[in-house]
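K.L.:
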Amino acid sequence: MQNLKMYLFASLTILLLLSGCNTKETNKDIFQYKDSYVGDNSAVGNIVYKLPGAQQLSGIELKTKEEPYGIILNYGWEKSENQYKELVIYNTTFLFTLVKNVDWITVKSERKEYTVTKEDLQKWYGKDFSNIQTAKELRNLVQQNLSNEHKVSEFLD
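Quick note, the sequence shown lines up with residues -23 to -1, 1 to 134 if you use mature numbering (1 follows the signal peptide of the UniProt record, and there is no 0).
1) Under three-state DSSP, which class holds N51?
2) In the DSSP assignment, the beta strand (DSSP E) including L34 goes from what residue to what residue?
3) Tell me whether G103 is buried or exposed, calling it buried when 16 or more other Cβ atoms sit within 10 Å of its Cβ.
4) In terms of residue numbering, what span does the alpha helix (DSSP H) encompassing Y67 cover?
5) Counting pairs of beta carbons, one from the region 9 to 17 and one from the region 73 to 80, are three or more of them closer than 8 angstroms?
6) What does the Cβ neighbour count give for E63, buried or exposed, with the cut at 16 atoms within 10 Å?
7) Tell me which residues share the same chain as E38 and place their Cβ nearer than 6 angstroms to its Cβ, disregarding the 5 neighbours each side in the sequence.
8) Alpha carbon to alpha carbon, how far is E44 from Q32? Give it in angstroms, no decimals.
9) With 16 as the cutoff for other CB atoms within 10 Å, does K100 come out buried or exposed?
10) Quick one: what does DSSP say E114 is sitting in, helix, strand or coil?
11) Touch check for the region 111 to 121 and the region 82 to 92: three-plus C-beta pairs under 8 angstroms?
This is how it looks when you write it as structure tokens:
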């Protein structure tokens, strides 16, 4: 029964994510951090806690001592592999768009670890997403690319 509840909750969460049901207020809030820096732990933390999967987030590490600068996100992720891959793409896209000087992001869980670079993700999209100015526009870009499960798996594997 517990597994069924978890599955239903996870399915509903992904459905909401893919349908773009964020309020305009939340969208405005997250883009207030546009052009933040990796060294601004308050801004990075506020961004990450507004992204999907925040409930499973167990820690954030900022790598700012030397370039290239990076972020490590640690999750206690128990949901499916496909949902995890979608979370990696979605969250790294938002962070690369909002945090000016981040070059790489590692997303870790017991399930798997992925390191994504800004350059590789922009090549994958075929677009420089750092110039995007609204959460709606960014969400649309992510959703268009997440719809191709093969493309997602190919990028992350």
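For glycine and all other residues, C-beta sits at the position ideal for the given N, C-alpha and C.
P.N.:
Taking the structure as given:
1) strand
2) 34 to 40
3) exposed
4) 58 to 75
5) yes
6) buried
7) I49
8) 30 angstroms
9) exposed
10) helix
11) no
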